[in-house]
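Structure first, commentary second.
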Amino acid sequence: MDFWLTMLAFVAFGLCVGAYGTLIGAGGGFIIVPVLLLVLKWPHEEAVATSLCVVTANAASGTISYWRQGRVDFRTGIQFAVATLPGAVIGSLAVSLLSGRVFDLIFGLLLVLLSTYLMLRPERRAYKQGDLDKPPGAKGWLWTVRSIVDAQGENYTFGFSRGWGLVLSFGVGFMSSILGIGGGIIHVPALISLFGFPAHIATATSHFILAISAATGSTTQLIQGNVHIAPAIAMAIGAIGGAQIGGRLSRRITGKWIVRGLAVA
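Heads up: the sequence shown begins at 65 in our numbering, then just goes up one per residue.
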């Protein structure tokens with residue numbers, strides 16, 4: 065009976081993580097990993113591996129919700145997702161090389177720095193049309209202009225450097241796998257603050273990228289035998305349902321508050 069109560073608690077936890085993670089465009093690993101480390105006292109390799117499996121399920125479910133809303137930039141997402149794959153594999157293989165103390169230090173510093181940055185700069189100034197057509201200097205490396213019309217008829221037009229985006233995505237794949245946080249916690253603020261993506265497009269596209277990169281990292285971790293199968297399945301079940309809730313909530317919240325919610329997390 066204790067086993068089933070524990071699994072039910074994991075499902076409830078996954079539901080909350082899935083809802084909040086999808087709302088802010090992250091997979092929820094930034095919540096899962098600390099709980100597994102600090103509350104359940106799991107070794108960091110097992111916490112990272114199990115978290116990545118849950119993040120994969122959450123991101124896949126959230127992507128479906130955002131796809132229905134018409135907010136996923138699939139063209140950009142596929143390119144960035146491919147760039148994350150080598151980093152995701154390398155990060156999954158390297159995680160066992162970190163000591164627990166070094167892992168904690170990297171994880172904590174990364175989240176504190178991201179939070180501080182997002183609180184100070186929740187949104188980037190929108191580009192003017194002239195900026196989109198003639199980007200300044202190095203910002204124009206493989207410059208791309210995208211226009212997305214969502215299911216509600218709202219138009220999002222934005223420009224960004226595809227070259228630097230690919231470089232960023234490789235690093236996100238590595239960091240997400242080595243820390244088990246899925247990458248959305250890094251990708252979303254970077255897409256918004258550095259590349260000028262509208263917040264709603266950034267969260268939706270990040271979730272699509274996350275589904276691919278986290279699945280790659282999860283596969284590597286499963287092969288290494290680091291995943292706690294039963295807790296991972298239970299949390300994933302909750303996360304799948306929670307992701308649909310988070311996707312619906314995102315329609316009612318402005319981009320600025322989505323970013324601030326990410327910073328608080």
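By construction, the Cβ of each residue, glycine as well, lies at the ideal position given by its N, Cα and C atoms. Since the structure is predicted, the reported quantities are computational estimates derived from the model, not experimental observations.
Segment contact, 8 Å Cβ cut-off, at least three pairs: the region 115-125 with the region 302-315: yes
Option in F144, I88, V166, G141 with minimal Cα separation from R315: I88
Assign L101 to buried or exposed, taking buried as 16 or more other Cβ atoms, counted over all protein chains shown, within 10 Å of its Cβ. Flag for L101 reads buried.
Report buried or exposed for M299, applying the criterion of at least 16 other Cβ atoms within 10 angstroms of its Cβ. buried
Alpha helix (DSSP H) segment containing F138, residue limits: 138-158
For T180, count neighbouring Cβ atoms within 10 angstroms of its own Cβ and tell me buried if that reaches 16, exposed if not. exposed
Can you tell which of T70, V81, A73 has the C-alpha that lies nearest to the C-alpha of G306? Answer by Cα proximity: V81.
Taking Cβ positions, are A266 and G91 nearer each other than 8 Å? no
From the DSSP secondary-structure annotation, give me the bridge partner or partners of S211. T221, per the DSSP bridge assignment.
From what residue to what residue does the alpha helix (DSSP H) around F67 run? Where F67 is concerned, the enclosing alpha helix (DSSP H) stretches over 66-87.
For a minimum of 3 consecutive residues, which ranges assigned as the beta strand (DSSP E) are wholly contained in the region 256-310? none
Can you look up K320 in the DSSP assignment and give me helix, strand or coil? helix
Contact check, S240 vs G155 under 8 Å by CB: the rounded distance? The Cβ separation is near 7 Å, so the contact holds.
Look at the Cβ atom of T148, then the Cβ atom of V136, and state whether they are nearer than 8 Å. No.
What did DSSP end up calling P107 once you bin it into helix, strand or coil? Three-state DSSP puts P107 in coil, outside helix and strand.
Am I right that H271 and Y130 are in contact with their C-beta atoms under 8 Å? What's the rounded C-beta distance? 6 Å
When the Cα atoms are used, what is the spatial distance from W106 to A275? 24 Å
Rounded distance between the beta-carbons of G281 and A152, thought under 8 Å: Yes, A152 and G281 are in contact; Cβ-Cβ is about 4 Å, under 8 Å.
State the Cα-Cα distance for the pair N59 and V213, rounded to the nearest angstrom. For the chain, the structure presents residues 65 to 329; residue 59 sits outside this window and is missing.
Under the three-state DSSP convention, the category A90 falls into: coil
Hey, how far is the Cα of Q288 from the Cα of R324? 36 Å
Which residue from V176, F138, P150, V75 puts its Cα closest to that of A329? V176
Which of helix, strand or coil does DSSP assign to A254? If DSSP states are grouped into helix, strand and coil, A254 belongs with the helices.
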